[in-house]
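Chemist: Please read through the structure below; I'll follow up with questions.
Protein chains in written order, with my numbering: chain U, 538 to 773; chain H, 538 to 773.
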């Protein structure tokens, strides 16, 4: 890769433990073998991911942290290896960088500075959940995290249910795993009996479970979602 | 796989020619090696895709067509091999099945009939485009195809621009490749100077090009998008 101009590779990582041998594409392995400098959301998990691929010694690589606390002025400094012709890999905490994380600031900087950005194919829990939900995949919305405050969360749930009712769009959102149960209960409290809810859990792993039912069918038999990585989908 | 209950595998395929060796994960190869019956959007392209993986003789496999002309009553018949313990692979024309295609009807049938659905990791042009656009990846909407009629299309463009302005959401949409130029021109005509437009072309291929600029910067220098597979993104 040395004779090509330096660029930024957006490198997806696994979303479930010990799945690297099944979900990581040859292209990702090729790029990780060639890049020495990584901007990562979390150094520990990024090192562990690269290490699991058994391609090279992690001790030879350079890692810098980029996360929601990084301000825009630091970005140019973090990307300075590009000026010396060195390509950079961006790896987020789980799945695809710049989706549901602050990585898009790096990409925005690259567009402004005419640096090529190459997104690699890899695990996206949003897409896996939508595929397996059976809900409308031709029109959908992703909301990220819903509000934590109970009243604001209920308001948001009712607004997205209403939006789905009017437009037919699938509504996708997530939660910090230890608050999953509270969100699932809020969905059953706030939504109409006929609204469809999908819980997509442990995606891409051997314990994966994706189930879609009406609110009335979920009542009294909510699955145990506590601390289980889950994507929530709603279709009214 | 013979001692597990029969299930439906949602199998992503390539989105650009000759990329199977770089983007297709080991898990997809494993499933295609084990499944004999496929529901596909287009038999010719599905056979060509499986054939390109060089895993087995395509002549040994059974293909049935499922597309937008298939009515709901036929689905149960098409899925009848499940009742004999045979798993089924679903392959769409490009990328991830049940996203931007009618495959979700198959998945809905599966949920109703308690058949397990396993979505596999693979190329999604929507996710690759969003990653590389530099636009908001925490809140976004996918609209599928915009209306063909000029007046309706302009109305839709202005409504999604307005939606992005109010909510900050990235707006993602697509077009049949021979109408790309008309859509790009309609975007420049219909949107405000400051609105950001991204054209994400030939994703995952060696001719991939993803560029984000303001409407005012695109004016007079639109790239040639004619018949080039493109995802369009807008952020006001």
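Ideal Cβ placement from N, Cα and C applies to all residues, glycine included. Predicted model, so just to flag it, every value in this text is computed and none were measured.
Classify residue 682(H) as buried or exposed, calling it buried when 16 or more other Cβ atoms lie within 10 Å of its own Cβ.
Modeler: Numbered from 1 along the second chain, position 145 holds the residue referred to as residue 682(H). So residue 682(H) counts as exposed.
Chemist: First and last residue of the alpha helix (DSSP H) that includes residue 586(U)?
Modeler: Here residue 586(U) refers to the residue found at position 49 when the first chain is read from its first residue. Element bounds for residue 586(U): 580-589.
Chemist: If the criterion is Cβ atoms closer than 8 Å, does the pair residue 578(U) and residue 630(U) meet it?
Modeler: Taking the first residue of the first chain as 1, we reach residue 578(U) at position 41. Taking the first residue of the first chain as 1, we reach residue 630(U) at position 93. Against a cut-off of 8 Å, the Cβ pair of residue 630(U) and residue 578(U) comes out as a contact.
Chemist: Output the boundary residues of the beta strand (DSSP E) element that contains residue 729(H).
Modeler: Counting from 1 along the second chain, the entry for residue 729(H) is found at position 192. First-last for residue 729(H): undefined, no H or E at that position.
Chemist: Just the C-alpha distance for residue 556(H) and residue 548(U), rounded to the nearest angstrom, thanks.
Modeler: Here residue 556(H) corresponds to residue number 19 of the second chain, with the count starting at 1. Here residue 548(U) corresponds to residue number 11 of the first chain, with the count starting at 1. Answer to the nearest angstrom: the Cα atoms are 17 Å apart.
Chemist: To the nearest whole angstrom, what separates the beta carbons of residue 668(H) and residue 735(H), a pair I think is in contact under 8 Å?
Modeler: Against the second chain, residue 668(H) aligns to sequence position 131. Against the second chain, residue 735(H) aligns to sequence position 198. With a Cβ gap of about 11 Å, residue 668(H) and residue 735(H) do not count as contacting.
Chemist: Output yes or no for whether 8 Å exceeds the beta carbon distance between residue 602(U) and residue 670(U).
Modeler: Start at 1 with the first residue of the first chain, and residue 602(U) comes out as number 65. Start at 1 with the first residue of the first chain, and residue 670(U) comes out as number 133. For residue 602(U) and residue 670(U), no; Cβs fall outside 8 Å.
Chemist: How would you write the range of the alpha helix (DSSP H) that residue 648(H) sits in, first residue to last?
Modeler: On the second chain, residue 648(H) is found 111 positions in, with the first residue counted as 1. Residues 641-649.
Chemist: Grouping DSSP H, G and I as helix and E and B as strand, with all else coil, what is residue 625(U)?
Modeler: Counting from one through the first chain, the residue named residue 625(U) turns up at place 88. Correct three-state label for residue 625(U): strand.
Chemist: Taking the alpha helix (DSSP H) that residue 693(U) falls in, what are its first and last residues?
Modeler: Locating residue 693(U) in the first chain gives position 156, counting from the first residue. Segment 687-704, the alpha helix (DSSP H) holding residue 693(U).
Chemist: On the DSSP bridge list, what partners appear for residue 599(H)?
Modeler: Taking the second chain and counting its residues from 1, one reaches residue 599(H) at position 62. Looking at the DSSP assignment, residue 599(H) forms a beta bridge with 574(H).
Chemist: Exposed or buried, what is residue 648(U) when buried is set at 16 or more other beta-carbons lying within 10 Å of its beta-carbon?
Modeler: Position 111 of the first chain, counting from 1, holds the residue named residue 648(U). So residue 648(U) counts as buried.
Chemist: Where do the ends of the alpha helix (DSSP H) carrying residue 678(H) lie?
Modeler: For this step, residue 678(H) is matched to residue 141 along the second chain. Note, residue 678(H): premise wrong, no alpha helix (DSSP H); beta strand (DSSP E) at 677-682.
Chemist: Is the segment 651-660 of chain H close to the segment 650-669 of chain U, with three or more CB pairs under 8 Å?
Modeler: Judged by Cβ distances under 8 Å, the segment 651-660 of chain H makes contact with the segment 650-669 of chain U, as three or more pairs qualify.
Chemist: Say whether chain H places a C-beta atom closer than 8 Å to the C-beta of residue 644(U).
Modeler: In the first chain, counting from the first residue as 1, residue 644(U) sits at position 107. Yes, its Cβ sits closer than 8 Å to a Cβ of chain H.
Chemist: Given a cut-off of 8 Å on the beta-carbon distance, is the pair residue 704(U) and residue 770(U) in contact?
Modeler: The residue labelled residue 704(U) in the question sits at position 167 within the first chain. The residue labelled residue 770(U) in the question sits at position 233 within the first chain. Going by C-beta atoms, residue 704(U) is not nearer than 8 Å to residue 770(U).
Chemist: What residues in its chain sit with their C-beta under 8 Å from that of residue 621(H), if we drop five residues either side in the sequence?
Modeler: For this step, residue 621(H) is matched to residue 84 along the second chain. Contacts found: 543.
Chemist: So is residue 694(U) buried or exposed if we call it buried at 16+ other beta carbons inside 10 Å?
Modeler: Sequence index remark: in the first chain, residue 694(U) carries index 157 (1-based). Buried, by the Cβ-count rule.
Chemist: Given that residue 560(H) touches chain U, what residues does it touch there, using C-beta distances under 7 Å?
Modeler: Counted from its first residue, the second chain places residue 560(H) at position 23. Result: 562, 564, 658.
Chemist: Output needed in chain order: residues of the segment 703-719 of chain H with a Cβ under 8 Å from some Cβ in chain U.
Modeler: Residues 706.
Chemist: Residue 668(U) lies in the beta strand (DSSP E); which residues open and close that run?
Modeler: Walking along the first chain from the start, residue 668(U) turns up at place 131. First-last for residue 668(U): 662-670, but that is the alpha helix (DSSP H), not the beta strand (DSSP E).
Chemist: Among the residues of its own chain, which have a CB less than 6 Å from the CB of residue 626(H), if the five just before and after it don't count?
Modeler: In the second chain, the residue the question calls residue 626(H) occupies position 89. So the qualifying residues of the chain are 546, 548, 572, 575.
Chemist: Grab the span of the alpha helix (DSSP H) containing residue 548(U) for me, first residue to last.
Modeler: As a first step, residue 548(U) must be located in the first chain, where it is residue number 11. No alpha helix (DSSP H) contains residue 548(U), which DSSP labels as neither H nor E.
Chemist: In whole angstroms, what is the alpha-carbon distance linking residue 749(U) and residue 569(U)?
Modeler: For the purposes of this step, residue 749(U) is identified with residue 212 of the first chain, where counting begins at 1. For the purposes of this step, residue 569(U) is identified with residue 32 of the first chain, where counting begins at 1. Roughly 37 Å between the two C-alpha positions.
Chemist: Is residue 747(H) helix, strand or coil by DSSP?
Modeler: As a first step, residue 747(H) must be located in the second chain, where it is residue number 210. In the structure shown, residue 747(H) sits in a strand (DSSP, three-state: E or B).
Chemist: Give me the Cβ distance between residue 533(H) and residue 595(H), rounded to the nearest whole Å; I'm assuming they're in contact under 8 Å.
Modeler: Residue 533(H) is absent from the model: chain H starts at 538 and stops at 773.
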